[in-house]
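Quick note: the sequence shown uses numbering that gives the first Met the number 0, first residue 0, plus one each step.
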Amino acid sequence: MIIGSRAAERAQSAAEELGHGVEGADNAETARRSDIVIVAVPWDGHGKTLESLREELAGKLVVDCVNPLGFDKKGAYALKPEEGSAAEQAAALLPDSRVTAAFHHLSAVLLQDPEIEEIDTDVMVLGEVRADVEIVQALAGRIPGMRGIFAGRLRNAHQVESLVANLISVNRRYKAHAGLRVTDV
Ligand SMILES: NC(=O)c1ccc[n+]([C@@H]2O[C@H](COP(=O)([O-])OP(=O)(O)OC[C@H]3O[C@@H](n4cnc5c(N)ncnc54)[C@H](OP(=O)(O)O)[C@@H]3O)[C@@H](O)[C@H]2O)c1
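What follows is the structure in structure tokens.
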């Protein structure tokens, strides 16, 4: 596994902190050397980052987890990207990649905590090609407690991305790292 950064040295020190054989490299090298690339940058830098990596990401399975959100004194709220969603912006900017969207609701705090053995949540996975979606579902399923659930085509990514604004409200009120479960599946 490789962690990317705009600066290779930042990636390397993040990778060292994580251990377990994780490597660090700049974003271009990370994209070039990976089969599956998870895009986890702030919405502000999303378009520019992907545009600059178009070649390196060609043919790759791209998993976008970016939530276009604004924050003001009332809390978090969903932004409305011109393309419909961050995922659809990714698909528009990366015509030669296999773009999917997932992990929007997964708390980085829980993911990073070495004391936590299971994460009690489902991961909504969106995409156009069933085989690609199934790879991402399997990836989510590797984390104990988690399931990857198909949640529609990319045109329905906006609702999934937006729901994070609601989860942030839940987290603030209940001092939690809330996840979601899809029932009867
Ligand atoms: N945090 C969560 O729990 C969580 C959960 C699900 C989804 N997400 C989504 O994941 C994305 C990243 O969230 P985060 O909490 O990890 O945010 P973050 O810590 O602010 O950003 C992650 C990394 O992105 C890089 N970055 C910052 N500004 C950038 C820019 N303008 N252009 C390109 N790269 C930039 C930075 O790395 P370098 O400076 O080293 O390049 C930074 O360490 C967001 O879109 C968020 O909605 C977050």
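Here a beta-carbon is modelled for each residue, glycine too, at the ideal position from N, C-alpha and C.
Not a single heavy atom of ligand 1 lies less than 6 Å from the C-beta of S161. Around the beta carbon of P67, 16 or more other beta carbons lie within 10 angstroms, which makes this residue buried.
A buried status is given to E87, since no fewer than 16 other beta-carbon atoms sit within 10 Å of its beta-carbon. The alpha-carbon separation between S33 and I1 amounts to approximately 8 Å. Annotation for G46: no beta strand (DSSP E) segment contains it, though the alpha helix (DSSP H) segment containing it runs 42-51.
In this structure V135 is in contact with T99, their Cβ atoms being roughly 5 Å apart against a cut-off of 8 Å. The closest heavy atom of ligand 1 lies less than 6 Å from the beta carbon of P41.
Contact annotation: A10 and A24 have beta-carbon atoms nearer than 7 Å. Around the Cβ of E160, a 10 Å sphere holds 16 or more other Cβ atoms; the residue is buried. Taken in chain order, the unbroken stretches of alpha helix (DSSP H) that lie wholly in the stretch 97-132 and span 4 residues or more are 107-111. For P80, same chain residues with a beta-carbon under 7 Å away, outside a window of 5 residues either side, are P67, Q88 in chain order.
In this structure, V163 places its C-beta atom within 7 Å of the C-beta atom of H103.
Annotated three-state conformation of I37 is strand, per DSSP.
Note that the C-beta distance between V122 and A101 is below 7 Å.
Cβ atoms of G178 and I118 come within 8 Å of each other, at about 7 Å. For the 7 Å CB-CB criterion, I148 and V181 form a contact. Considering only R152, L109, E82, R171, the residue with the shortest C-alpha distance to I142 is L109.
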